[in-house]
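Using my numbering, the first residue of the sequence shown is number 7, and each one after it goes up by one. Built from N, CA and C at the ideal position, the CB exists for glycine as well. Reviewing the structure listed below.
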Amino acid sequence: MKQCYLAFEIGSMQKTIYPLLGPTTIGRAADNTITLPDPMTSRNHARLVIADGKWVVEDLGSANGIIFGGQRVERVALSSGDIFEVGGVSFRYVEKEISGKSKQLFETVQILATAGDDLDFHVAEETKEAAAEQSIPWSQRLQEAVAAIPFFSPLDGDERKKLADAATLHVFNAGEIIIREEDPGRSIYVILDGKIRVFTRDNHGEELELAVLGASQFFGEMSFLTGKLRSGSVAAVDTSVIVELSYTSMRKVVKEHPTVKKVLVEYYQERSGNTAEKRGEKGMDEGKRDSRQKDRVSVKLVILPQTTPTGEAKASSWKGVSVDFAESGIVVRVSGASPKTFLVQGEVSLEIDLPEPWGEIRTLGTIRRVKSAQTAKEMTMVGIEYAGMAEADAKKLKDYLSG
Numbered sequence: 007m008k009q010c011y012l013a014f015e016i017g018s019m020q021k022t023i024y025p026l027l028g029p030t031t032i033g034r035a036a037d038n039t040i041t042l043p044d045p046m047t048s049r050n051h052a053r054l055v056i057a058d059g060k061w062v063v064e065d066l067g068s069a070n071g072i073i074f075g076g077q078r079v080e081r082v083a084l085s086s087g088d089i090f091e092v093g094g095v096s097f098r099y100v101e102k103e104i105s106g107k108s109k110q111l112f113e114t115v116q117i118l119a120t121a122g123d124d125l126d127f128h129v130a131e132e133t134k135e136a137a138a139e140q141s142i143p144w145s146q147r148l149q150e151a152v153a154a155i156p157f158f159s160p161l162d163g164d165e166r167k168k169l170a171d172a173a174t175l176h177v178f179n180a181g182e183i184i185i186r187e188e189d190p191g192r193s194i195y196v197i198l199d200g201k202i203r204v205f206t207r208d209n210h211g212e213e214l215e216l217a218v219l220g221a222s223q224f225f226g227e228m229s230f231l232t233g234k235l236r237s238g239s240v241a242a243v244d245t246s247v248i249v250e251l252s253y254t255s256m257r258k259v260v261k262e263h264p265t266v267k268k269v270l271v272e273y274y275q276e277r278s279g280n281t282a283e284k285r286g287e288k289g290m291d292e293g294k295r296d297s298r299q300k301d302r303v304s305v306k307l308v309i310l311p312q313t314t315p316t317g318e319a320k321a322s323s324w325k326g327v328s329v330d331f332a333e334s335g336i337v338v339r340v341s342g343a344s345p346k347t348f349l350v351q352g353e354v355s356l357e358i359d360l361p362e363p364w365g366e367i368r369t370l371g372t373i374r375r376v377k378s379a380q381t382a383k384e385m386t387m388v389g390i391e392y393a394g395m396a397e398a399d400a401k402k403l404k405d406y407l408s409g
């Protein structure tokens, strides 16, 4: 059995999936199957229909057309993974062969899509009616997924429904980062469909895979229990549907059901042990860390000019001191600046003043994490990932770190 759907975004935070159950129209007018509040979208912009056994997207005489592969097209047959643009919105077409348990998981996506305001989904009335004809409550599949996880077994049906009602649904494309190591956050995540991998980086910036998880498994319990920053990064292996259970809702569950916390702690201890073992095999345990990663060196950080809606923002320059760094990136403590100064989307330039005989190295970088330093006001910690370091400077940094 093959199921097809569109994945797209409206705004910067709201991800949406739309099951393709029949002819589908896209446009700005309210009578479309998918309505886009986008001035670049025509009132009746595009239509998806099945032709010769394949879904086809075709232009309905719009002003800006359909963009596919960087070109404007009138009509194109879609294959799984194809991306096309309508106005300012990108759509990704996805199809999957579904059977058995996977079929139930896809049905979850369809039913969850009918939840409307509950899960920030925007779907057409005919989709809601089609789901209603199946006589299946929208949260039933999610409740079943929750029930399949061992630490939720003490919850009764009403409690599982309340937890499902408070959940947030996310869709991530293959390769997309779900959680980044050392980010704040205490939510727990349940995989409804797809597959994810958990990884970190060793002292030389090389990736170390810690785990691969699939449907009905969960992650995020370490930060939930300890309050610490995320201990690893998580990325989607393929298109994945992830349910986020907030710290607030999970804290209530743990408080009312001590056995849930007990099971969570057991998973946490087991996974922490496995992670420590893998880190140890790569020489990443605390006793083997390079001492020079904690050396304090001077860093000049330049925020490069940014293109903004109001024009070109000027470059700004800041001086700081390294707090921690490796071959892949650096954490810099900057005085006299608030965190919002470094909330930029573009690249930054770094000049890192290593001691003699190594000398100065230069590189571009991308800001990955910004937070206030706890030791003083107007002091900010900026985590930067290197991008485009010259080979000679990369070798110089490696030699310095290795001692």
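{"Asked": "CB of Leu403 within 9 Å of CB of Glu333, strictly", "Found": "yes"}
{"Asked": "Cβ contact (3+ pairs, closer than 8 Å) linking the region 158 to 173 and the region 229 to 241", "Found": "no"}
{"Asked": "Expected contact under 8 Å - CB spacing of Val95 and Asp44 to nearest Å", "Found": "6 Å"}
{"Asked": "Coarse secondary structure for Met46, derived from DSSP in three states", "Found": "coil"}
{"Asked": "Alpha carbon of Lys261 to alpha carbon of Arg374, nearest angstrom", "Found": "34 Å"}
{"Asked": "Coil, strand or helix - Ala282 by DSSP", "Found": "helix"}
{"Asked": "Beta-carbon gap between Glu391 and Gly335 smaller than 9 Å", "Found": "yes"}
{"Asked": "Cβ pair Glu353, Gly371 closer than 9 Å", "Found": "yes"}
{"Asked": "DSSP beta-bridge partners of Ser239", "Found": "Phe205"}
{"Asked": "Run of the alpha helix (DSSP H) containing Asp399, from where it starts to where it stops", "Found": "Glu397 to Ser408"}
{"Asked": "Assigned secondary structure, Ser86 (DSSP; H/G/I helix, E/B strand, else coil)", "Found": "coil"}
{"Asked": "Straight-line Cα distance separating Asp189 from Val337", "Found": "13 Å"}
{"Asked": "Distance CB(Ile194)-CB(Ala241) smaller than 9 Å", "Found": "no"}
{"Asked": "Inter-residue Cα distance where the pair is Glu292 and Glu213", "Found": "Any reading at Glu292 needs caution, since the residue's pLDDT is 46, under 50, leaving its predicted position unreliable; the model's value is listed next. Cα to Cα, Glu292 sits roughly 18 Å from Glu213."}
{"Asked": "Rounded distance between the beta-carbons of Pro25 and Tyr11, thought under 8 Å", "Found": "5 Å"}
{"Asked": "Within 9 Å, strictly: CB atoms of Ser246 and Gly191", "Found": "no"}
{"Asked": "Distance between Val308 and Pro249 (C-alpha atoms, nearest Å)", "Found": "In the sequence under discussion, the amino acid at residue 249 is Val, which differs from the Pro named in the question. The straight-line gap from Cα to Cα measures roughly 38 Å."}
{"Asked": "Distance between Lys258 and Ile162 (C-alpha atoms, nearest Å)", "Found": "Strictly speaking, residue 162 in this sequence is Asp, with Ile absent from that position. About 14 Å."}
{"Asked": "Paired residues, beta bridge with Asp164 - DSSP", "Found": "In the DSSP output, where bridge partners are listed per residue, Asp164 has none listed."}
{"Asked": "Spatial distance of Asp399 from Ala221 (CA atoms)", "Found": "43 Å"}
{"Asked": "Secondary structure of Val100, DSSP reduced to three states", "Found": "strand"}
{"Asked": "Rounded straight-line distance, which links the Cα of Arg49 to that of Ala69", "Found": "10 Å"}
{"Asked": "Euclidean distance between Cα positions of Val82 and Gly67", "Found": "15 Å"}
{"Asked": "Neighbour-count burial assignment, Ile183, 16 or more Cβ in a 10 Å radius", "Found": "exposed"}
{"Asked": "Trp324 to Val303 span [Cα, whole Å]", "Found": "14 Å"}
{"Asked": "Three-way DSSP call (helix, strand, coil) for Asp65 in this model", "Found": "strand"}
{"Asked": "Coil, strand or helix - Thr372 by DSSP", "Found": "strand"}
{"Asked": "Euclidean distance between Cα positions of Thr39 and Glu227", "Found": "39 Å"}
{"Asked": "Beta-carbon proximity of Met387 to Thr369, cut-off 9 Å", "Found": "no"}
{"Asked": "Arg34 versus Ala393: straight-line alpha-carbon distance, rounded", "Found": "40 Å"}
{"Asked": "Buried/exposed call for Leu349, threshold 16 Cβ in 10 Å", "Found": "exposed"}
{"Asked": "Where Ser229 sits in the DSSP three-state scheme", "Found": "helix"}
{"Asked": "Alpha-carbon spacing of Asp124 relative to Phe178, whole angstroms", "Found": "Here Asp124 scores only 37 on pLDDT, less than 50, and its place in the model should not be relied on; the value that follows carries that caveat. Going by the C-alpha atoms only, they are around 19 Å apart."}
{"Asked": "Run of the alpha helix (DSSP H) containing Thr254, from where it starts to where it stops", "Found": "Tyr253 to Glu262"}
{"Asked": "Identified DSSP bridge partners for Ala170", "Found": "Ala170 is not bridged to any residue."}
{"Asked": "Buried versus exposed call for Gly365 [16 or more other C-beta atoms within 10 Å across all chains shown]", "Found": "exposed"}
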